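Here the structure comes first, spelled out in structure tokens, and everything after it is commentary.
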Amino acid sequence: MTTSDKVVLDVGGLRMRYGSVDVLHDVTFHARHGEVLALLGPNGAGKTTTIEILEGFRTRSQGQVKVLGTDPAHGDERWRARLGVVLQSWRDHGKWRVREFLAHLGTYYAPYTTPRIKRPWHPDELIEAVGLTEQAGKKLRTLSGGQRRRLDVAIGLVGRPELLFLDEPTASFDPQARHEFHDLVRRVVGTGETTVLLTTHDLDEAEKLADRILVLNGGRIIADGTAGELAQRIVGEDEVRWLRGGQRFTERTTDSTGLARDLFARYGDDLHELEVHRASLEQTYLSLVRQAESAQEATR
Amino acid sequence: MNPATTVLRTGWTRGRIELRQSFTNGADLFSHFLWPGLMAATMFFIRDLPFGSSGLLLGMLALPSILGMNAATGMISMSQQLTADREDGTLLRAKATPHGMPAYLIGKVISVSGGLLADLVIFLVPAMLIVEGLRIGPGSWPTLAWTLALGLVATLPLGAVLGSAFTSARAQGLIQLPFLAVIGISGIFYPITALPEWLQWIAQAFPIYWMGLGMRSALLPDPAAAIEIGQSWRHLETVGVLAAWAVLGLLLAPVVLRRMARGESGSTVTARRERALQRV
Ligand SMILES: Nc1ncnc2c1ncn2[C@@H]1O[C@H](COP(=O)(O)OP(=O)(O)OP(=O)(O)O)[C@@H](O)[C@H]1O
Ligand SMILES: [Mg+2]
Numbered sequence: 001m002t003t004s005d006k007v008v009l010d011v012g013g014l015r016m017r018y019g020s021v022d023v024l025h026d027v028t029f030h031a032r033h034g035e036v037l038a039l040l041g042p043n044g045a046g047k048t049t050t051i052e053i054l055e056g057f058r059t060r061s062q063g064q065v066k067v068l069g070t071d072p073a074h075g076d077e078r079w080r081a082r083l084g085v086v087l088q089s090w091r092d093h094g095k096w097r098v099r100e101f102l103a104h105l106g107t108y109y110a111p112y113t114t115p116r117i118k119r120p121w122h123p124d125e126l127i128e129a130v131g132l133t134e135q136a137g138k139k140l141r142t143l144s145g146g147q148r149r150r151l152d153v154a155i156g157l158v159g160r161p162e163l164l165f166l167d168e169p170t171a172s173f174d175p176q177a178r179h180e181f182h183d184l185v186r187r188v189v190g191t192g193e194t195t196v197l198l199t200t201h202d203l204d205e206a207e208k209l210a211d212r213i214l215v216l217n218g219g220r221i222i223a224d225g226t227a228g229e230l231a232q233r234i235v236g237e238d239e240v241r242w243l244r245g246g247q248r249f250t251e252r253t254t255d256s257t258g259l260a261r262d263l264f265a266r267y268g269d270d271l272h273e274l275e276v277h278r279a280s281l282e283q284t285y286l287s288l289v290r291q292a293e294s295a296q297e298a299t300r
Numbered sequence: 001m002n003p004a005t006t007v008l009r010t011g012w013t014r015g016r017i018e019l020r021q022s023f024t025n026g027a028d029l030f031s032h033f034l035w036p037g038l039m040a041a042t043m044f045f046i047r048d049l050p051f052g053s054s055g056l057l058l059g060m061l062a063l064p065s066i067l068g069m070n071a072a073t074g075m076i077s078m079s080q081q082l083t084a085d086r087e088d089g090t091l092l093r094a095k096a097t098p099h100g101m102p103a104y105l106i107g108k109v110i111s112v113s114g115g116l117l118a119d120l121v122i123f124l125v126p127a128m129l130i131v132e133g134l135r136i137g138p139g140s141w142p143t144l145a146w147t148l149a150l151g152l153v154a155t156l157p158l159g160a161v162l163g164s165a166f167t168s169a170r171a172q173g174l175i176q177l178p179f180l181a182v183i184g185i186s187g188i189f190y191p192i193t194a195l196p197e198w199l200q201w202i203a204q205a206f207p208i209y210w211m212g213l214g215m216r217s218a219l220l221p222d223p224a225a226a227i228e229i230g231q232s233w234r235h236l237e238t239v240g241v242l243a244a245w246a247v248l249g250l251l252l253a254p255v256v257l258r259r260m261a262r263g264e265s266g267s268t269v270t271a272r273r274e275r276a277l278q279r280v
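If you read the protein sequences in the order shown, they are chains C and S.
Just so you know, we're using my numbering here: the first sequence kicks off at 1 and counts up by one.
Just so you know, we're using my numbering here: the second sequence kicks off at 1 and counts up by one.
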């Protein structure tokens, strides 16, 4: 992946208030050109709110935001043409047909072709890339939930965006579609022209796709780093399992290698089916959120 | 290609595709034929009824008036489609696309007026076979065309304003009531001069009466003007009132539409959808 130093997303001290409730207190992060960022956080954490502010769909209460060098509240059409937007749920244009709609939407991007980026993406290639070839002639409202979601992703990509926002893109994908989607994102990012900000509740997905993971909780970014860095911050506990004398044992430890050495020394041939499970992103994430929540309780 | 040309072209394509869609699915097709069909049936039943002692037949008077009224219903379609497109996120999609909003609006104007033209023909062809006494000469079509064009410019932007102002399908239903009331006093099914004078004044404030009058002036023999207000086709006044509505609509629509578009986001669409589902 080609990541340059050019900052594509720059968010500082972002606040968002709905009525009298502050949803975002102080959100600060940035993304460099070509990076894939995953934004994680519990339901209601404010992920969709954050993304919609960056897309220029909602007006923030406070803070600095620059998206591709422009304040989204004042983005013009040229700026808009460089973005791809996949919202959390779409059900528009039900009477249109898949290929017809993608071909039509593509024409809006044609004037924004540059020597480096040829816009739009050809509809047939795009349909193939998201695996909708068999549905190309179907009306949008007759697509299944997962097919509709693939189309949403295709629509997000049709203008060959320099910055792509994906709000829970794979929520209704079957395992194969998910796998294909991951390949597609890697391919798109592999061109070196696209930066991606995605939200997901699938930690495995975040770990596979993202260069960097952000955890949003209580209106703040409570963690920002690679999956490995996050795991180190929370001294993750590995899980060690073994079988001895027909009985199963499980122990959590920060030093799994030491424990294994110990077990061999003590039980030798009596030891069977030894397994070591490294601290997963899931555990890291859960303890991060738990920590943040107890810190919040304490300040209350 | 510069963006302005693209907007015109994409808007045009959008309109054409939407128009085709509305003639290739059962439900839409049904509604295209239902209203003109009902009106043509009405013509059949009133074709021989005389109007007072004027010697004129009601059917002959009503045909052009209904044409004018039907043209004015474009306002309702515009408003309803805008509301529906807000509800399902079609408008938000336009907002997410470069130059999506103007192209959406151009497309909407084309598909609504195209559908309307088709509906007018669907009504006019059988109705002209039923009704006698029309005077269709070389001057008829230009008059009909300018009445229609001016009428659409006067009513479609207003439809867009109403569609942006009222968010729910239920509110859309309520808009239809005053619209029907105005039709009732606009001299469509029965000449306006039969009404009390104060009602005539109210009717003349709205476009529907003038669209009917313009159509009558296009398709009826000149002596029929005797039963109109002032015994004249009043072309000047027709142009004046319709133009005034057009200016009002064209001034108001961009402001209201822009305001409405600014408020659209994923969460507003979702919230509206949830409210709509709760009502069902
Ligand atoms: N338009 C709105 N008006 C008032 N409150 C809102 C609005 N939109 C969102 N909220 C509130 O803001 C909070 C954050 O919502 P948001 O949709 O951003 O969360 P999220 O992180 O995307 O959650 P999920 O994982 O469920 O998608 C929630 O408590 C929600 O109820
Ligand atoms: Mg969300």
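Note that beta-carbon positions come from the ideal geometry of N, C-alpha and C, so glycine has one too.
Please read all numbers here as calculations on a predicted model, not as lab measurements.
- A Cβ-Cβ contact shorter than 7 Å links C/Val23 with C/Gly46.
- Distance from the CA atom of S/Asp222 to the CA atom of S/Leu56, rounded to whole angstroms, is 12 Å.
- Here the alpha carbons of C/Phe173 and C/Pro120 stand approximately 25 Å from one another.
- Residues of the segment 118-146 of chain S that bring their beta carbon within less than 8 Å of a beta carbon in chain C are absent altogether.
- Using a 10 angstroms sphere on the CB of C/Asn217, the tally of other CB atoms reaches 16 or more, which defines it as buried.
- Apart from sequence neighbours up to five positions away, the residues of its chain that approach S/Leu49 with a beta-carbon distance below 8 Å are Leu57, Leu58 and Gly59, ordered along the chain.
- Beta bridge pairing from DSSP links C/Tyr18 with C/Val21.
- With a threshold of 16 other beta carbon atoms within 10 Å, C/Asp183 falls short and is exposed.
- When DSSP assignments are scanned along the segment 205-262 of chain S, the uninterrupted stretches of alpha helix (DSSP H) that are 4 or more residues long and fall wholly within it turn out to be 207-219.
- Under a criterion of Cβ atoms nearer than 7 Å, no residue of chain S is adjacent to C/His179; the nearest Cβ is some 27 Å distant.
- Taking C-beta separations shorter than 6 Å and ignoring five residues to either side along the sequence, the partners of S/Ala71 in its chain run Leu148, Gly151 and Met211, following chain order.
- A contact between stretches requires three or more CB pairs, one per stretch, nearer than 8 Å, and the segment 115-122 of chain S meets this requirement with the segment 66-80 of chain S.
- Nearest CB-CB separation between S/Pro102 and chain C: not below the 7 Å threshold.
- Here the alpha carbon of S/Phe123 sits roughly 14 Å from the alpha carbon of S/Leu29.
- S/Gly159 and S/Gln80 have their alpha carbons spaced roughly 8 Å apart.
- Three or more Cβ pairs closer than 8 Å define a contact, and the segment 200-217 of chain C meets that threshold against the segment 163-182 of chain C.
- The beta-bridge partner set that DSSP reports for C/Val7 consists of C/Arg32.
- For C/Arg241, same chain residues with a beta-carbon under 6 Å away, outside a window of 5 residues either side, are Thr250 and Glu275 in chain order.
- In the three-state reduction of the DSSP assignment, C/Phe181 falls in the helix class.
- Residue-level contact by beta carbon fails for C/Arg17 and chain S, as no gap is shorter than 7 Å.
- Among the residues facing chain C, S/Ala71 is not included, as its CB has no counterpart in that chain under 7 Å away.
- Residue burial annotation: C/Leu157 is buried, with at least 16 other C-beta atoms found within 10 angstroms of its C-beta.
- Going by beta carbons, C/Lys139 and C/Arg91 fall outside the 7 Å limit.
- Apart from sequence neighbours up to five positions away, the residues of its chain that approach S/Ser265 with a beta-carbon distance below 8 Å are Leu92, ordered along the chain.
- In the three-state reduction of the DSSP assignment, C/Gln147 falls in the helix class.
- With a contact defined as Cβ atoms closer than 8 Å, C/Leu14 and C/Arg58 miss out at about 11 Å.
- At least one heavy atom of ligand 2 sits closer than 6 Å to the Cβ of C/Thr48.
- Look at C/Lys47 here: in three-state DSSP terms it is helix.
- Here S/Ala96 is not near S/Val7, since their CB atoms are 7 Å or more apart.
- Here the alpha carbons of C/Gln135 and C/Ile213 stand approximately 34 Å from one another.
- For S/Arg93, the nearest CB of chain C lies under 7 Å from its own CB, placing it at the interface with that chain.
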